[in-house]
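Below: one structure, written as structure tokens.
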């Protein structure tokens, strides 16, 4: 069988040679792969093994003007359940009994929802409070994953909800200040590179390094005062409840600076009860800034200021009120169809006479009237820094569709639309020596790199200081010249002007046959520390002087006292409330 | 057939310790590599990082005992029991196909579950060894008849075809290739007609091609071998990940336990792909050590063949080393993309109880043969005188032509 020379015959030689050649070839191949091509494969390995993940930067806080936090970020937990671990029904029931009570769910519901799919992670609860999450971590439950996260916390509860806004699941701001100042609050995320397995999970002992360190977000200090804001929101809700209003807006501003002390609107949302399934999308906006309305008779103060500033009239100038003004085909009457005979400019404001406003506007002339309106900031956004600000609706005599009657109606705030913020800003210029301030709500940005403080900005001198003082005095007389005016405040001189127009705007933007009762007032009259706009929307006819003026009357003493304005004790003007 | 039921006791020497060393070193190397490459998978699938390594150690111990027992035994006793072994192997290969007995994993019925804590066994691994023993015994008894077709070659082809067919039914192409190659090598070395051998090999290749064409997973493997880059995350994934593991090792590797590819990138990181992980962690130095140990095993294995006391021992040794060699070549070829992937474990190193235990038993047989080794110069001569003066035997005159060598064969064996 085998060869004569021992056993090592040709065939065995052939076999041995075949193995030797195969072994040599494979060794050469391995050497090539490991020693020659090593760079290529190392690069492929790196490309494959390193995952990249964004590391969220801690989000900054939103503070009130005194530094009290309105929104801040706290540590919390996301509760996940690994669906595959719950495929065993007994294990799922045991785990559900342990988990469900902590997150406020029914064990059966939880079991059903988790087991609806065979694998993957089920988010059982997002943003569980820190101590409760810590407690859950100690619970022995299969499939339970407790993951560290952050959530927004509002130390003042639902205060200024629509103003502050909220963040989404990705911790990015979606509405309100959270959205408008998202870049400052959010900081910039870092990136981390880590070694991962083929499923994408981080390898336990793998290397990791930061590509970029996360830059923490800065704090935003608002001009809002939490005390004033709370007063305003409480009063607004109480008034809406007691008057049956559909909604309303109150803005409180510092006239000398344009700083907004409080801003509230209803309907709105509550941060503690966010319901993203609410069909009323209109809830998620700050109506004081985003919604326009016909300002109505408060505009007469602007018209009067123009007429005085141009020198056409003085507060004592008179015209003969015949109860109507005829503009082409149109007839404009007073709101109460009154006929007042010879009337002064001051009386036009006091009685809120439409015919008087038309007279004043005609004295001024269309060109000057619209120049002044634009100077007052009507028709352009105030650039307060709040998102969603429209310019409003204003048709000037440069528009081909403009008619003479537009000047007449515009003179008493109709046929023109502006936001509550635009209106209060325009009128604030009259109590600030004619200087139109840019309204602002952010006092400071406090970031890691430094603090940026926003100074008040004078947009322009609209009317002369003298004119402004004159009109402010007239507005004082509007309130104090009428005994029992509901805006009058015991112990303080105040000024103001009512407005009433038809056309309440509902949450969905539809305009109803209803009306808007508004009031803009300021106090103290000789050195105004605050100016307030109150606007209430009604389905039925209500007068600004009856429903909105009392809101000012009720709020002003508390706010003035809080601001440290002493009552002028001996000079009580108003004796009745 | 003149098989002696009770071989006369012969002078017993020491086993080839180099073989023992090579096998032992490969097993220890394998246990380390299995530990490193499997702890992530063990944690993921069984919640126990040591799941695979403990089992591998257990199999190594059981296999080691088998090795020692077989080494101490006279290998010629295997010749007596070889028909029984063969029968048992065929029965177990049939049993594995019976639903209820055979356990199916990944679409292949390759395992028999014995129940209890005993891990499922893979009869095809034992069948390989049984077939080698039986064919070696059969060929040794057949002598010059292996050249005849009907009485020599044909019965062998029938047997090989039966076993290969049973294994292809599981299906397991890689094991079938190893079995066919090993048994063909045996008849080739035993002196069968070259025409028969190569015709059978050719026919086997044709059948294999047809099977590849018929089975989608086999076609995918061929595709992965040739055009892996066209589908790197699908059909080419396995091939490319093996290469990335191996290639990123460089000279000295990433360090023990530092493999990244074992985190579920390399499929079968602890089984068929283990050399890639060794290469990744220990670099070319590590793979060279493995290759060197196999080379040592093969060289010493051939030495056993040459020095074997009888033809049965020689053929048995040829079968065992060919089996080890083919599996190593096919496995390493797959890992290095020199051959298509067929799913063959690396002998002694890869995780797998049946394979490790059978391979260790085979090494025990090889060592047993080595214990009865004689000086190759005396083969075909009378046994050396008791005084050990074998050097005095006159070296036969060299015959140059093939005819004369053939003519010499019948004179050589007394066993017939």
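Protein chains in written order, with my numbering: chain L, 1 to 577; chain C, 578 to 993. All C-beta atoms, glycine included, are put in the ideal place defined by N, C-alpha and C. Since the structure is predicted, the reported quantities are computational estimates derived from the model, not experimental observations.
*Check residue 964(C) in the structure and name its three-state DSSP category.*
For this step, residue 964(C) is matched to residue 387 along the second chain. Reliability fails at residue 964(C), whose pLDDT of 45 lies under 50, so the model's placement of it is uncertain and no value is given.
*Out of 211(L), 195(L) and 74(L), point me to the one whose CA is closest to residue 835(C)'s CA.*
Along the second chain, read from residue 1 onward, the residue named residue 835(C) stands at position 258. Ranking the options by Cα distance to residue 835(C), first place goes to 195(L).
*Can a CB atom of chain L be found closer than 8 Å to the CB of residue 593(C)?*
Taking the second chain and counting its residues from 1, one reaches residue 593(C) at position 16. By this cut-off, residue 593(C) is not an interface position.
*Using three-state DSSP, classify residue 971(C) as helix, strand or coil.*
Within the second chain, residue 971(C) is the residue found at index 394, counting from 1. Because the pLDDT at residue 971(C) is just 44, under 50, the model does not fix this residue reliably, and the point stays unresolved.
*Closest to residue 651(C) by CA distance: which of 599(C), 945(C) and 906(C) is it?*
The residue given as residue 651(C) occupies position 74 in the second chain. The candidate whose alpha carbon is nearest that of residue 651(C) is 945(C).
*Flag residue 765(C) as yes when its Cβ comes closer than 7 Å to any non-hydrogen atom of the ligand MG, and as no otherwise.*
As presented, the structure is devoid of all ligands, the ligand MG included, so that no description of it is given.
*Based on the DSSP secondary-structure assignment, which residues constitute the bridge partners of residue 154(L)?*
Taking the first chain and counting its residues from 1, the one referred to as residue 154(L) is at position 154. Bridge partners of residue 154(L): none, in fact.
*Is the shortest distance between the beta-carbon of residue 49(L) and the beta-carbons of chain C less than 8 Å?*
Translated into positions along the first chain, residue 49(L) becomes position 49. Nearest CB-CB separation between residue 49(L) and chain C: below the 8 Å threshold.
*Under 7 Å from the C-beta of residue 936(C): neighbouring residues of chain D*: Within the model displayed, chain D is absent; protein chains L and C are what it includes.
*asked:* Going by beta-carbon coordinates alone, are residue 408(L) and residue 361(L) separated by less than 8 Å?
replied: Sequence index remark: in the first chain, residue 408(L) carries index 408 (1-based). Sequence index remark: in the first chain, residue 361(L) carries index 361 (1-based). Cβ distance < 8 Å, so residue 408(L) and residue 361(L) count as in contact.
_Closer than 8 Å to chain L by CB, residue 597(C)_ = Position 20 of the second chain, counted from the first residue, corresponds to residue 597(C). By this cut-off, residue 597(C) is not an interface position.
*asked:* According to DSSP, simplified to helix, strand and coil, what is residue 450(L)?
replied: As a working mapping, residue 450(L) is identified with position 450 in the first chain. In the three-state DSSP reduction, residue 450(L) falls in the strand class (E or B).
*Relative to the alpha-carbon of residue 733(C), which residue among 861(C), 780(C) and 764(C) has its alpha-carbon at the smallest distance?*
For the purposes of this step, residue 733(C) is taken as the residue at position 156 of the second chain. Considering only alpha carbons, the answer is 764(C).
*In chain L, which residues lie with their C-beta within 9 Å of the C-beta of residue 765(C)?*
On the second chain, position 188 is the one that residue 765(C) refers to. Those are 11, 14 and 15, listed as they occur along chain L.
*Top-ranked residue by Cα proximity to residue 268(L), from 295(L), 159(L) and 22(L)*: Stepping through the first chain from its first residue, residue 268(L) is reached at position 268. When only C-alpha atoms are compared, the closest one is 159(L).
*What separation, rounded to the nearest whole angstrom, lies between the Cα atoms of residue 487(L) and residue 161(L)?*
Numbered from 1 along the first chain, position 487 holds the residue referred to as residue 487(L). Numbered from 1 along the first chain, position 161 holds the residue referred to as residue 161(L). If you take the alpha carbons of residue 487(L) and residue 161(L), they lie about 28 Å apart.
*With distances taken Cα to Cα, identify the nearest neighbour of residue 105(L) among 87(L), 79(L), 284(L) and 120(L).*
Along the first chain, one-based indexing puts residue 105(L) at 105. The alpha carbon of residue 105(L) has as its nearest neighbour, out of 87(L), 79(L), 284(L) and 120(L), the alpha carbon of 79(L).
_Strand pairing of residue 253(L), partner residues [DSSP]_ = Within the first chain, residue 253(L) is the residue found at index 253, counting from 1. Residue 253(L) pairs with 260(L) and 531(L).
*Under 8 Å Cβ to Cβ from residue 726(C), same chain only, skipping five residues before and after it: list those, please.*
Here the question's residue 726(C) lines up with position 149 in the second chain. Here the set comprises 770 and 773.
*What residues in the stretch 180 to 211 of chain L bring their beta carbon closer than 8 Å to a beta carbon of chain C?*
Cβ proximity to chain C below 8 Å picks out 195, 196, 197, 198, 199, 203 and 206 from the stretch 180 to 211 of chain L.
_Buried versus exposed call for residue 207(L) [16 or more other C-beta atoms within 10 Å across all chains shown]_ = Numbered from its first residue, the first chain carries residue 207(L) at position 207. Exposed is the call here.
*Going along chain L, which residues have a C-beta under 9 Å from residue 875(C)?*
In the second chain, residue 875(C) corresponds to position 298, counting from 1. Those are 16, 19, 20 and 23, listed as they occur along chain L.
*Can you check whether the CB of residue 34(L) is closer than 8 Å to the CB of residue 860(C)?*
Start at 1 with the first residue of the second chain, and residue 860(C) comes out as number 283. Start at 1 with the first residue of the first chain, and residue 34(L) comes out as number 34. Yes; because the gap between Cβ atoms is below 8 Å, this pair is in contact.
_Three-state class that DSSP yields for residue 617(C) in the structure shown_ = Sequence index remark: in the second chain, residue 617(C) carries index 40 (1-based). In the structure shown, residue 617(C) sits in a helix (DSSP, three-state: H, G or I).
*Using alpha carbons as the reference points, say which of 457(L), 459(L), 495(L) and 211(L) lies closest to residue 473(L).*
Numbered from its first residue, the first chain carries residue 473(L) at position 473. Looking at 457(L), 459(L), 495(L) and 211(L), the one whose alpha-carbon comes closest to that of residue 473(L) is 495(L).
*asked:* Contact criterion: CB-CB distance below 8 Å. Does residue 840(C) meet it with respect to chain L?
replied: The residue given as residue 840(C) occupies position 263 in the second chain. So yes, residue 840(C) belongs to the interface.
*Roughly how many angstroms separate the alpha carbons of residue 969(C) and residue 687(C), rounded to a whole number?*
Taking the first residue of the second chain as position 1, residue 969(C) is located at position 392. Taking the first residue of the second chain as position 1, residue 687(C) is located at position 110. Bear in mind that the predicted position of residue 969(C) carries a pLDDT of just 42, short of 50, making it too unreliable to give a figure here.
*At 8 Å on the CB atoms, spell out the chain L contacts of residue 823(C), in chain order.*
Along the second chain, read from residue 1 onward, the residue named residue 823(C) stands at position 246. Within chain L, the residues near residue 823(C) are 30, 33, 34 and 41.
*Entirely within the stretch 259 to 324 of chain L and at least 4 residues each: give me those alpha helix (DSSP H) ranges in chain order.*
DSSP runs (the alpha helix (DSSP H)) wholly in the stretch 259 to 324 of chain L: 287 to 290 and 300 to 309.
*Enclosing alpha helix (DSSP H) for residue 659(C) [first to last residue]*: The sequence position of residue 659(C) within the second chain is 82, counting from 1. Run containing residue 659(C): 653 to 672, per the alpha helix (DSSP H) assignment.
*In chain order, what residues of the same chain have a beta carbon less than 6 Å from the beta carbon of residue 376(L), not counting five sequence neighbours either side?*
Locating residue 376(L) in the first chain gives position 376, where the first residue counts as 1. For residue 376(L), the CB contacts under 6 Å within the same chain, skipping 5 residues up- and downstream, are 302, 426 and 462 in chain order.
_C-beta neighbour in chain C for residue 27(L), strict 8 Å_ = On the first chain, position 27 is the one that residue 27(L) refers to. It does; some Cβ of chain C falls within 8 Å.
_Cβ neighbours of residue 767(C) in the same chain (closer than 7 Å, five flanking residues each side left out)_ = Position 190 of the second chain, counted from the first residue, corresponds to residue 767(C). Cβ contact annotation for residue 767(C) (same chain, cutoff 7 Å, sequence separation greater than five): 716, 723 and 892, in chain order.
*Could you give the DSSP three-state label for residue 770(C): helix, strand or coil?*
Counting from 1 along the second chain, the entry for residue 770(C) is found at position 193. Secondary structure of residue 770(C) (DSSP, three-state): coil.
*Tell me whether residue 234(L) sits in a helix, a strand or coil according to DSSP, three-state version.*
One-based indexing of the first chain puts residue 234(L) at position 234. Residue 234(L) carries a helical assignment under DSSP once its states are collapsed to helix, strand and coil.
*List the residues of chain C whose Cβ lies closer than 9 Å to the Cβ of residue 44(L), in chain order.*
Reading the first chain from its first residue, position 44 is the one you call residue 44(L). Contact of residue 44(L) with chain C by beta-carbon distance below 9 Å involves 817, 820, 821, 824 and 825.
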